[in-house]
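*Asks:*
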Amino acid sequence: MTYRIDHLVISASDLEQGKDAMEALLDVEFGPRGVHKDMGTENVLVAMARPDGSDAYLEVIAPDPAAKRPDFPRWFDLDNFGGPPRLTNWVVSCPDLEEAWELAPANVGRIMSFQRGDYAWRMIVPETGVLPFDNCFPALIEWHSPRPVPGLPDPGLALRRLKISHPNPEELREALAPFISAMENVRIVQADTPGMTAEIGTPSGEIWIA
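For the sequence shown, full-length UniProt numbering assigns the number 1 to the initial residue and increments by one for each residue that follows.
1) Evaluate lysine 19 with the Cβ neighbour count: other Cβ atoms within 10 Å of its Cβ, from every protein chain shown; 16 or more gives buried, anything less gives exposed.
2) With distances taken from CA atoms, which of Ala104, Ser181, Val130 and His144 is nearest glycine 117?
3) Mind checking methionine 1: buried by the 16 CB within 10 Å criterion, or exposed?
4) Once the 5 residues before and after alanine 67 are set aside, which same chain residues still bring their CB inside 6 Å of it?
5) Please list the terminal residues of the continuous beta strand (DSSP E) segment that includes aspartate 20.
6) From His166, Phe81 and Leu152, pick the residue whose C-alpha is nearest to that of glycine 31; which is it?
7) Could you spell out where the beta strand (DSSP E) holding arginine 147 opens and where it closes?
8) DSSP beta-bridge partners for tryptophan 126?
9) Quickly, what does DSSP pair isoleucine 61 with across the bridge? List them, please.
10) If you check the beta carbons only, do tyrosine 57 and proline 148 fall under 8 Å apart?
11) Find out if the Cβ-Cβ distance for the pair glycine 201, alanine 158 is shorter than 8 Å.
12) Taking Cβ to Cβ, would you say leucine 15 is nearer than 8 Å to glutamate 59?
13) Output the distance between the C-alpha atoms of lysine 163 and methionine 112, rounded to the nearest integer angstrom.
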């Protein structure tokens, strides 16, 4: 199967704070606010090209203060997020989510279905809110509708490189081996603290986000 980076996730405690910080850093404007009722979260998006030139996007996401908190942990470990907005996750698109689930680590989560307006998708959501390898393993998504990219602001952002740091890089590389087609310009390095950084081409030049 062919896997591709679908989008990168910037987590924030407050959506407006996260949006303002990323707009200032990248010199862009995000699209309008959206909500995920099942997860009690809200987000904004902006288009971004992948290294191969095809489309992806950048998402800023935060807990929705107006929504009821779900009875299970929110995705991307947002229930435990603190500090300034930062890059926390990457999401990989899959043509067959069941097959991807079989190939992923055992604790990757459960398949859930979502719909928002004209958009419909399924996603593997960890039951703890934390993806394998301390959130360094990607969230896996299967779209059942056109992706949102055509309707997003497109200021000319481009993902150049994604660097993932982890104390056990070899184990992470082994877990990602079935998803090698999504690994274009993705580098995994050893570090004491898990995390990720991305180099983004912007109207103002190359910017690293972390």
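The beta-carbon is built from N, C-alpha and C at its ideal position, and this holds for glycine as well.
*Replies:* Taking the coordinates as given:
1) Residue environment for lysine 19: buried (at least 16 other C-beta atoms within 10 angstroms of its C-beta).
2) The option with the nearest alpha carbon to glycine 117 is His144.
3) Flag for methionine 1 reads exposed.
4) Shown here for alanine 67: same chain residues with a beta carbon closer than 6 Å to its own, the five before and five after excluded, namely Gly40 in chain order.
5) Looking at the DSSP string, aspartate 20 is not in any beta strand (DSSP E); the run it does join, the alpha helix (DSSP H), is 15-26.
6) Among His166, Phe81 and Leu152, the Cα nearest to that of glycine 31 is on Leu152.
7) Unbroken run through arginine 147: none, as it is neither H nor E.
8) With the sequence shown as reference, residue 126 is identified as proline, and tryptophan is not the correct amino acid for it. Its beta-bridge partners do not exist; DSSP assigns none.
9) Here isoleucine 61 is bridged, per DSSP, to Ser11 and Asn43.
10) Contact: yes.
11) Yes, the Cβ-Cβ distance between glycine 201 and alanine 158 is below 8 Å.
12) No, they are not a contact pair.
13) Looking at the two C-alpha atoms, the distance is approximately 28 Å.
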